[in-house]
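Numbering (the working numbering), first residue to last: 1308 to 1421.
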């Protein structure tokens, strides 16, 4: 977690294991579909609270190893407990259950607050 935060974080999901939750979600994308299943991970909001976004910050950017980057309204992410990071094939995956499948990110390598 970096950018407009009080504390830049290099973290592992295990650092937030006490806040881990399990949700059910279905990925519905234009080209990809994954049937509803359980995902266990950490709400991104919990990581954001630890990083402490600076006043005036409004955007969370999530990037993957393939160069894919997507922006989310920070206020919505902070209130969404179905917006989690989970581990998949030893990499982080963003599961954005309340969003279109195009908002899910594989192989997450950066979370940036602006």
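Think of the CB as a built atom: it goes at the ideal place given N, C-alpha and C, for glycine as much as any other residue.
Source: prediction; values computed, not measured.
Can you tell me which residues form a DSSP beta bridge with residue i?
i: residue 1394; result: 1399
i: residue 1418; result: 1369
i: residue 1326; result: Partner(s): none; residue 1326 has no beta bridge.
Would you kindly work out how many angstroms separate the C-alpha atoms of residue i and residue j, rounded to a whole number?
i: residue 1413; j: residue 1344; result: 16 Å
i: residue 1313; j: residue 1342; result: 38 Å
i: residue 1379; j: residue 1324; result: 24 Å
i: residue 1377; j: residue 1390; result: 14 Å
i: residue 1329; j: residue 1350; result: 10 Å
i: residue 1409; j: residue 1327; result: 24 Å
i: residue 1361; j: residue 1332; result: 31 Å
i: residue 1373; j: residue 1340; result: 19 Å
i: residue 1365; j: residue 1318; result: 22 Å
Can residue i and residue j be called in contact, C-beta distance under 8 Å?
i: residue 1310; j: residue 1420; result: yes
i: residue 1316; j: residue 1308; result: yes
i: residue 1370; j: residue 1404; result: no
i: residue 1352; j: residue 1387; result: yes
i: residue 1336; j: residue 1407; result: yes
i: residue 1399; j: residue 1381; result: no
i: residue 1355; j: residue 1411; result: no
If I'm right that residue i touches residue j with Cβ under 8 Å, what's the distance once you round it to whole angstroms?
i: residue 1415; j: residue 1401; result: 5 Å
i: residue 1346; j: residue 1393; result: 5 Å
Would you mind listing the beta strand (DSSP E) stretches within the stretch 1331–1416 that are 3+ residues and don't spill past its ends, in chain order?
-> For the stretch 1331–1416, whole beta strand (DSSP E) runs of length 3 or above, ordered along the chain, are 1340–1350, 1366–1371, 1376–1380, 1390–1395 and 1398–1403.
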